[in-house]
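Novice: Supplied in structure tokens, the structure appears directly below.
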Amino acid sequence: MLSERIKKYLAVKGLTSIDLALMLKVDESLLNTWLDTDKINDALLYKLIEAFPDIDLNFLIKGDDCTCTDSKQETSQEEEAKLATTSEIKYHLNQIELSTQAIKRLLK
0 MLSERIKKYL AVKGLTSIDL ALMLKVDESL LNTWLDTDKI NDALLYKLIE AFPDIDLNFL
60 IKGDDCTCTD SKQETSQEEE AKLATTSEIK YHLNQIELST QAIKRLLK
């Protein structure tokens, strides 16, 4: 059901229906009626797309696996990857420096 997938998306984002109603500028009771009866109109879908450009329409409409992620979590993972890469680069630069010093000693 579309409403269940919207609720799942909200849960992943850490949002409540109250938050969503405020973001979409719709009455909370109207939003809850849409979500509870699964009678979601095109206007709500357009508002969802505008409010959440990262929303996976395949997930919403067809029920494919949810690829939605918390952007904070994604950013954290990206930062960890950058730190790991930076550490590797520093390690290799240090190894190059040590090799360069060894070569200089041999050439003296």
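The sequence shown: position 63 = 62 (numbering that gives the first Met the number 0), numbered continuously.
All residues carry an ideal CB built from backbone N, CA and C; glycine is no exception.
Expressed to the nearest angstrom, what Euclidean distance is found between the alpha-carbon atoms of threonine 32 and lysine 6?
Specialist: Rounded to whole angstroms, threonine 32 to lysine 6 spans 13 Å at the Cα level.
Novice: Within 7 Å: the Cβ of histidine 91 and any heavy atom of the ligand HEM?
Specialist: The ligand HEM is not part of the structure shown, which contains no ligands of any sort.
Novice: Helix, strand or coil for methionine 0? Go by DSSP, reduced to three states.
Specialist: In this structure, methionine 0 counts as coil in the three-state DSSP scheme.
Novice: Residue range of the alpha helix (DSSP H) that threonine 15 falls in?
Specialist: Premise fails: threonine 15 is in no alpha helix (DSSP H) and is neither H nor E.
Novice: When burial is assigned at 16 or more other CB atoms within 10 Å of the CB, is leucine 21 buried or exposed?
Specialist: Looking at its Cβ environment, which holds fewer than 16 other Cβ atoms inside 10 Å, leucine 21 is exposed.
Novice: Let me know if leucine 92 comes out buried or exposed under the rule of 16 or more other beta-carbons within 10 Å of its beta-carbon.
Specialist: So leucine 92 ends up on the exposed side.
Novice: Whole-angstrom Cβ separation of isoleucine 54 and leucine 47, contact assumed at under 8 Å?
Specialist: That belief holds up - the Cβ atoms of isoleucine 54 and leucine 47 are roughly 6 Å apart, short of 8 Å.
Novice: Can you grab the Cα-Cα spacing for the pair proline 52 / glycine 62, in whole Å?
Specialist: In a straight line, the C-alpha of proline 52 is about 18 Å away from that of glycine 62.
Novice: Could you give the distance in angstroms between the alpha-carbon of isoleucine 102 and the alpha-carbon of tyrosine 90?
Specialist: Cα to Cα, the separation comes out at about 18 Å.
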